Structure formats: structure tokens, C-alpha cells
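Comments concern the structure below.
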Amino acid sequence: MGTVDEGWKDASDFADELPFGNFEDGSGTTQAYEADDIVGNCPVCGTHVVEREKGFFCNNMDCNFALWKNNRFFQAIGKEMTREVADDLVNGGTVKLIDCKSQRTGNTFSCYVDLTTDEEGKAHFEIRFPKGGRRRE
Ligand SMILES: [Zn+2]
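Here it is as C-alpha cells:
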């Protein structure tokens, strides 16, 4: 991975400010992260959700919660799982999306997307229209 120490910031500088201290779990699979990478607390287990290259993942290795950036649900409505979207979903359970575009019909629309989690801790998404109307496609 090139120069290992390049850009590395030791978490000890701000560890006291963090509600969780699980920078490593002994298994070698948990990566250290910076405060800027923390999206919020996992809706399933309360551990930090951390931005990674491919998505936003719960830092608890026993937890399945993940919001993938390469997300078919959002792609199908012409949106991406950005940091802003992940932030709203993790911290508020819902995100408001305007100018969505159906990849199937080309129609544009606005909606809310609600985040739910199943018993395995996996994320699910559901489109909601605030006025209760259902849009046929
Ligand atoms: Zn979790």
C-alpha cells in the first residue's frame, strides 16, 4: 500500500472525544478511522458508522449494517449513496430526495426514502411520498 505512514493520523489525539474506543478489536479486521469519517451511530448496534471507499459501514465486525455507495436501489431512481444521503439515513432514518429519475420510465419525481433494518442488521430502503400518493410506473 505504498508508504504506510503517509497521511496517517493517530486516533489518540481525539480518542477522548469519541463515545466509542473500538479502534481495533484484536482480530486485525477493524481499521482505524478518523473523526471526519464518522457518519453517525449504527441504527442496529450503536457503534460508529464509518465512511469507507465503497460505502458506509458499521465498525462493529459482528454487525451487518452497511450502506453501499454502489447501491442498486438508489441507482434505479437516478441517485447515489453520497455522504449527505448516508448522513440523513443513519442519523434520521430518512432522506428527502428531489429530482429523482426513474431509470425505467424516465419520469422525474421527489420522494422520501426510509431506512429500515432487518433482524440480521441489514439495511432496507423504502420509497415514501409524503402526500400519500402512489406513483404508478
Ligand atoms: Zn452496527
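Per my numbering, residue 824 is the first one in the sequence shown, and the count goes up by one each step.
Where is the CB? At the ideal position from N, CA and C, for every residue including glycine.
What you are looking at is a predicted structure, and each value in this text was computed from that prediction instead of being measured.
Where residue i falls: helix, strand or coil (DSSP)
i, result
"residue 954", "coil"
"residue 944", "coil"
"residue 949", "strand"
"residue 879", "strand"
"residue 908", "helix"
"residue 863", "strand"
"residue 889", "strand"
"residue 857", "coil"
Cβ separation of residue i and residue j, assumed to be a contact under 8 Å, to the nearest whole Å
i, j, result
"residue 890", "residue 878", "5 Å"
"residue 887", "residue 945", "5 Å"
Straight-line gap, residue i to residue j (C-alpha atoms, nearest Å)
i, j, result
"residue 880", "residue 874", "6 Å"
"residue 927", "residue 858", "39 Å"
"residue 921", "residue 935", "9 Å"
"residue 905", "residue 885", "24 Å"
"residue 896", "residue 949", "9 Å"
"residue 933", "residue 925", "11 Å"
"residue 917", "residue 937", "4 Å"
"residue 913", "residue 865", "7 Å"
beta-carbon residue i near ligand 1 non-hydrogen atom, thresh 8 Å
i, result
"residue 883", "yes"
"residue 870", "yes"
"residue 867", "yes"
"residue 915", "no"
Paired residues, beta bridge with residue i - DSSP
i, result
"residue 920", "934"
"residue 874", "879"
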